[in-house]
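**Student:** Below are the structure tokens for one structure; questions will follow.
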Amino acid sequence: MDYEVLTADNFCQWESDVRFHDITYDDMKNGPGLRVVLWVAGCDHHCRECQNPLTWDPDGGAPFTQWEQAEFYEWLLKPWTQGVTFSGGDPLHPVNREPIGRMAKAIKQRNPDKDIWVYTGYVLQASEKGCRLWDQEGNAFEYPYLKYFDVLIDGRFDADQRREDIKNERIPKWRGSSNQRIIDVKKTLESGAVVEWEDLTWKSIM
0 MDYEVLTADN FCQWESDVRF HDITYDDMKN GPGLRVVLWV AGCDHHCREC QNPLTWDPDG
60 GAPFTQWEQA EFYEWLLKPW TQGVTFSGGD PLHPVNREPI GRMAKAIKQR NPDKDIWVYT
120 GYVLQASEKG CRLWDQEGNA FEYPYLKYFD VLIDGRFDAD QRREDIKNER IPKWRGSSNQ
180 RIIDVKKTLE SGAVVEWEDL TWKSIM
């Protein structure tokens with residue numbers, strides 16, 4: 000299959016509905032290798048001792064305009080950038096689901112060598128019938144853009160679990176607390192069961 004290479008010029012033809020608080024470049028804390036991280040606005044989970052409570056308000060932050068988009072994609076396309084991480088806030092907050100999904104689709108379809116990691120407070124459940132994401136009140140939704148993610152880190156941050164992790168000297172990598180799972184999305188969709196990410200053969204530029 001031939002892919003159209005994604006560039007800042009050919010992607011930034013629309014204004015994203017996403018609002019964001021920050022973009023970090025050459026990030027090494029939110030997934031493997033060097034990454035671009037988009038910190039979006041909007042989160043309904045309100046985890047106790049959240050490190051980013053300012054990102055809860057979906058109307059906070061600033062619009063992700065074509066100027067920020069251009070810089071974001073220019074960095075993403077640098078040869079040493081392994082991929083993009085969407086965090087926040089919650090990239091799967093209702094106001095973010097469609098625009099984040101469209102962005103993930105464009106990146107994955109046009110530059111499949113860039114991997115996509117997504118942090119969410121929702122919990123993924125999988126079966127042979129498909130996948131759904133659940134909130135703490137028991138509400139669920141299906142997400143058609145899930146297939147464009149490589150890895151999903153799911154679950155709310157648990158401050159008590161974090162303290163237990165520190166006490167037991169088992170600080171979880173790429174997670175705030177060990178109740179959160181690092182999910183291999185492709186294997187999960189293929190198997191109909193949640194498969195946690197353990198592929199040590201993944202190419203890391205670092």
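All residue numbers for the sequence shown refer to numbering that gives the first Met the number 0, where the first residue is 0 and numbers rise by one.
C-beta atoms are modelled at their ideal positions from N, C-alpha and C, and glycine is treated no differently.
Cutting at 8 Å between CB atoms, please list the residues of its own chain near residue 192, excluding the five before and the five after it.
**Tutor:** Closer than 8 Å at Cβ, skipping near neighbours: 125, 126.
**Student:** Would you check if the distance between the CB atom of residue 56 and the CB atom of residue 40 is smaller than 8 Å?
**Tutor:** Yes.
**Student:** Tell me whether residue 190 is buried or exposed, calling it buried when 16 or more other Cβ atoms sit within 10 Å of its Cβ.
**Tutor:** Exposed: under 16 other Cβ atoms inside 10 Å.
**Student:** So, for residue 140: in the same chain, excluding its five sequence neighbours on each side, which residues have a beta-carbon less than 7 Å away from its beta-carbon?
**Tutor:** Closer than 7 Å at Cβ, skipping near neighbours: 131, 132.
**Student:** The alpha helix (DSSP H) spanning residue 165 covers which residue range?
**Tutor:** Counting along the chain, the alpha helix (DSSP H) containing residue 165 begins and ends at 158-166.
**Student:** May I ask you to report which of helix, strand or coil DSSP gives residue 91?
**Tutor:** Of the three classes helix, strand and coil, the one that applies to residue 91 here is coil, per DSSP.
**Student:** Near residue 44, which residues of its chain fall below 6 Å by C-beta distance, leaving aside the five closest residues on each side in sequence?
**Tutor:** Once the five neighbours on either side are set aside, the close Cβ partners of residue 44 are 120, 155.
**Student:** Please report how far the alpha carbon of residue 174 lies from the alpha carbon of residue 80, in whole angstroms.
**Tutor:** Residue 174 and residue 80: Cα-Cα distance of roughly 21 Å.
**Student:** Quick check on the burial criterion: 16 or more other C-beta atoms within 10 angstroms. Buried or exposed for residue 187?
**Tutor:** Buried, because 16 or more other Cβ atoms sit within 10 Å of the Cβ of residue 187.
**Student:** Along the beta strand (DSSP E) that carries residue 131, what are the first and last residues, could you check?
**Tutor:** 129-133 is the span of the beta strand (DSSP E), which, as asked, contains residue 131.
**Student:** State whether the region 103-114 contacts the region 60-71, with contact taken as three or more CB pairs (one from each stretch) at a distance under 8 Å.
**Tutor:** Flag = no, the region 103-114 and the region 60-71 do not touch.
**Student:** Drop a sphere of 10 angstroms on the beta-carbon of residue 19, count the other beta-carbons inside from all chains shown, and report buried for 16 or more, exposed for fewer.
**Tutor:** Per the 10 Å Cβ criterion, buried.
**Student:** Could you check if residue 149 is buried or exposed, using at least 16 other CB atoms within 10 Å of its CB as the buried criterion?
**Tutor:** Buried is the call here.
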